[in-house]
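A.B. asks:
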Amino acid sequence: MTDFEEVFSRAPTVVADAPGRVNLIGEHTDYNGGYVLPMAIPQRTRVELAEREDDTVRLCSENLQREHPTYELGREHRAKAWYDYVQGVTQALREAGYTLHGFDARIDSRVPIGRGLSSSAALEVAMLRALRQAFHLELDDVALALLAQRSENNLVGAPVGIMDPLASSLADEHTAVFIDTRTLQIERIALPRDVQIAIIDSGVSHANVGGGYALRRQECAMAAKLLGVPQLRDAYALDKIEQLPEPLHKRARHVVTENARVLAAASAMRANDPVALGGLFIESHVSMRDDFEVSVPEVDAIVERALRDPAVYGARLTGGGFGGAVVVLARAGEARKAAERIAHDCKGASVVLP
Ligand code: GLA
Numbered sequence: 000m001t002d003f004e005e006v007f008s009r010a011p012t013v014v015a016d017a018p019g020r021v022n023l024i025g026e027h028t029d030y031n032g033g034y035v036l037p038m039a040i041p042q043r044t045r046v047e048l049a050e051r052e053d054d055t056v057r058l059c060s061e062n063l064q065r066e067h068p069t070y071e072l073g074r075e076h077r078a079k080a081w082y083d084y085v086q087g088v089t090q091a092l093r094e095a096g097y098t099l100h101g102f103d104a105r106i107d108s109r110v111p112i113g114r115g116l117s118s119s120a121a122l123e124v125a126m127l128r129a130l131r132q133a134f135h136l137e138l139d140d141v142a143l144a145l146l147a148q149r150s151e152n153n154l155v156g157a158p159v160g161i162m163d164p165l166a167s168s169l170a171d172e173h174t175a176v177f178i179d180t181r182t183l184q185i186e187r188i189a190l191p192r193d194v195q196i197a198i199i200d201s202g203v204s205h206a207n208v209g210g211g212y213a214l215r216r217q218e219c220a221m222a223a224k225l226l227g228v229p230q231l232r233d234a235y236a237l238d239k240i241e242q243l244p245e246p247l248h249k250r251a252r253h254v255v256t257e258n259a260r261v262l263a264a265a266s267a268m269r270a271n272d273p274v275a276l277g278g279l280f281i282e283s284h285v286s287m288r289d290d291f292e293v294s295v296p297e298v299d300a301i302v303e304r305a306l307r308d309p310a311v312y313g314a315r316l317t318g319g320g321f322g323g324a325v326v327v328l329a330r331a332g333e334a335r336k337a338a339e340r341i342a343h344d345c346k347g348a349s350v351v352l353p
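Residue numbers (numbering that gives the first Met the number 0): 0 to 353.
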């Protein structure tokens, strides 16, 4: 493994990192002004960085790419490569009026990539944390997450919501964060006693830059317009939703019922009720599969296999979908064995956690 000194012939002055996330429930609700309930995962992205006197940015990352990309601040441009996430961050910072110089940085990404576990937000948040420290930027953790989102929306071109950067910036591995994405109010809620989270990767890659995610966003915006509400967060009348044209009524029904499920899940967690929480996971998956249509057969097979396991309360697709990973709510102490049994029976599947 090459280290920072080998590549840049000096030592880093700043080291920062940020975690990936797993969303427990509340999928495709964030860009509709709704609720989400993510927590951090142990896998993190780490950035080592040293400031430069000029405006050049030099990067290296052994596990993302062998070459060392270089660009000039002020000349960021989409390269359709991993370092667009870094370019997006420096562009967003400058556009927000922050003063930066160039820097050398080494990035070590341990968050599984393209698995719906937020490798991109982990990279953006880790990079923003390193730059905040190196250049003494006045930036609180919520403002930092908003800049991460903006960088991905603009330079990378992925129309993602605020959930992932906020989770990466604010969450930890032991407590979920309930986020109202409209007000950005958050509440930390512990997992029920006696439960443990497992994550199983389907082996099918997902990408938020692809057309599916953007199309769902457009469908939601169109449904809200036809319902005469600012966002689907504001739609409650299920009878009016049923009158929307196909497939908009299904999309809207997912968002409206999913928001209600997040509120119910938060209550189940506060009440220490794993059975109720597991039931909500199961309903959420069905809704994503049938109404929002963002699941794939490999993911459905993992969920179905998980639900036959005696140690499992519930399981569902986590993240944007079109591939990705399954989050499993298992009995504490049994999650590892259950995850191994499930992955063993599903082709292409592998255990990410615990
Ligand atoms: C991706 C996006 C998030 C969110 C989820 C779906 O992870 O980055 O903003 O929309 O999909 O819940």
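The beta-carbon is built from N, C-alpha and C at its ideal position, and this holds for glycine as well.
Compute the Euclidean distance between the alpha carbons of Gly73 and Leu92, then round it to the nearest angstrom.
C.D. replies: 11 Å
A.B. asks: Can we say the stretch 315-326 touches the stretch 115-123, given the rule of at least three CB pairs closer than 8 Å?
C.D. replies: yes
A.B. asks: For Arg131, which option in Val254, Asp16 and Gln195 has the closest C-alpha, if you only look at C-alpha atoms?
C.D. replies: Asp16
A.B. asks: Expressed to the nearest angstrom, what Euclidean distance is found between the alpha-carbon atoms of Tyr369 and His67?
C.D. replies: The shown model of the chain, from 0 to 353, leaves out residue 369, and the question about it has no answer.
A.B. asks: Using the beta carbon as the reference atom, which residues fall closer than 5 Å to any heavy atom of the ligand GLA, ordered along the chain?
C.D. replies: With 5 Å as the limit, the residues whose C-beta approaches any heavy atom of the ligand GLA more closely are Glu26, His27, Asp29, Val159, Gly160, Met162, Asp163, Gly318 and Gly319, in sequence along the chain.
A.B. asks: Cα-Cα, which of Tyr30, Ala264 and Glu292 is closest to Gln230?
C.D. replies: Tyr30
A.B. asks: Kindly indicate which three-state DSSP category Leu48 falls into: helix, strand or coil?
C.D. replies: strand
A.B. asks: Thr182: buried (16+ other C-beta within 10 angstroms of its C-beta) or exposed?
C.D. replies: Here Thr182 is exposed: its Cβ has fewer than 16 other Cβ atoms, across all protein chains shown, within 10 Å.
A.B. asks: Who are Val35's beta bridge partners in DSSP?
C.D. replies: Ile178
A.B. asks: Please classify Glu137 as buried or exposed, where buried requires at least 16 other C-beta atoms within 10 Å of its C-beta.
C.D. replies: exposed
A.B. asks: Can you tell me whether Pro18 is helix, strand or coil according to DSSP?
C.D. replies: strand
A.B. asks: Mind listing, in chain order, the continuous alpha helix (DSSP H) runs of no fewer than 4 residues lying wholly within the stretch 272-344?
C.D. replies: Listed in chain order, the complete alpha helix (DSSP H) runs (minimum 4 residues) inside the stretch 272-344 are 273-289, 296-306 and 334-344.
A.B. asks: Alpha carbon to alpha carbon, how far is Thr28 from Thr55? Give it in angstroms, no decimals.
C.D. replies: 39 Å
A.B. asks: Evaluate the contact criterion for the stretch 35-43 versus the stretch 167-176: three or more CB pairs, one atom per stretch, below 8 Å.
C.D. replies: yes
A.B. asks: Mind checking Gly323: buried by the 16 CB within 10 Å criterion, or exposed?
C.D. replies: buried
A.B. asks: What separation, rounded to the nearest whole angstrom, lies between the Cα atoms of Arg288 and Ala342?
C.D. replies: 20 Å
A.B. asks: If you run the structure through DSSP and keep just helix, strand and coil, what is Phe134?
C.D. replies: Here Phe134 carries a coil assignment [DSSP, helix/strand/coil].
A.B. asks: Return the bridge partner residues of Cys59 from the DSSP annotation.
C.D. replies: Arg105
A.B. asks: Would you call Leu58 buried or exposed, if buried means 16 or more other Cβ atoms sit within 10 Å of its Cβ?
C.D. replies: buried
A.B. asks: Return yes when the Cβ of Asp103 is within less than 8 Å of the Cβ of Leu48, no when it is not.
C.D. replies: yes
A.B. asks: Gly277: buried (16+ other C-beta within 10 angstroms of its C-beta) or exposed?
C.D. replies: Result: buried.
A.B. asks: Cβ of Ala142 within 8 Å of Cβ of Val46?
C.D. replies: Val46 sits away from Ala142, with the two beta carbons spaced by 8 Å or more.
A.B. asks: When DSSP builds the beta bridges, which residues end up paired with Arg187?
C.D. replies: DSSP links Arg187 through a beta bridge to Val176.
A.B. asks: Tell me the DSSP bridge mates of Gln64?
C.D. replies: Ser60
A.B. asks: Nearest-angstrom Cα distance between Val155 and Ala337?
C.D. replies: 37 Å
A.B. asks: Here's a check: name, in chain order, each residue in its chain whose Cβ is nearer than 7 Å to the Cβ of Thr89, leaving out the five neighbours to either side.
C.D. replies: Val56, Leu72, Glu75 and Leu99
A.B. asks: Relative to the C-alpha of Thr256, which residue among Arg77, Thr174, Ala236 and Phe321 is closest?
C.D. replies: Checking every option, the nearest Cα to that of Thr256 belongs to Ala236.
A.B. asks: What is the DSSP secondary structure of Gln42, reduced to helix, strand or coil?
C.D. replies: strand
A.B. asks: If Pro273 sits next to Leu328, beta carbons under 8 Å apart, how far is it from one beta carbon to the other, in whole angstroms?
C.D. replies: Yes, they are in contact, since the Cβ atoms of Pro273 and Leu328 sit about 7 Å apart, within 8 Å.
A.B. asks: Output the distance between the C-alpha atoms of His248 and Arg304, rounded to the nearest integer angstrom.
C.D. replies: 29 Å
A.B. asks: In whole angstroms, what is the alpha-carbon distance linking Val325 and Glu5?
C.D. replies: Those two C-alpha atoms are separated by around 39 Å.
A.B. asks: When the Cα of Ile196 is compared with those of Glu333, Phe291, Tyr84 and Ser119, which residue comes out closest?
C.D. replies: The shortest CA-to-CA distance from Ile196 to any of Glu333, Phe291, Tyr84 and Ser119 is the one to Glu333.
A.B. asks: From Gly202 to Ser349, what does the alpha carbon distance come to, in whole angstroms?
C.D. replies: 7 Å
A.B. asks: Does Asp53 pass the burial test, meaning 16 or more other C-beta atoms within 10 Å, or should it be called exposed?
C.D. replies: Asp53 is classed as exposed because its beta carbon has fewer than 16 other beta carbons within 10 Å across all chains shown.
A.B. asks: Assuming Cys219 and Arg250 form a contact by the criterion Cβ under 8 Å, report the distance between their Cβ atoms to the nearest whole angstrom.
C.D. replies: 6 Å
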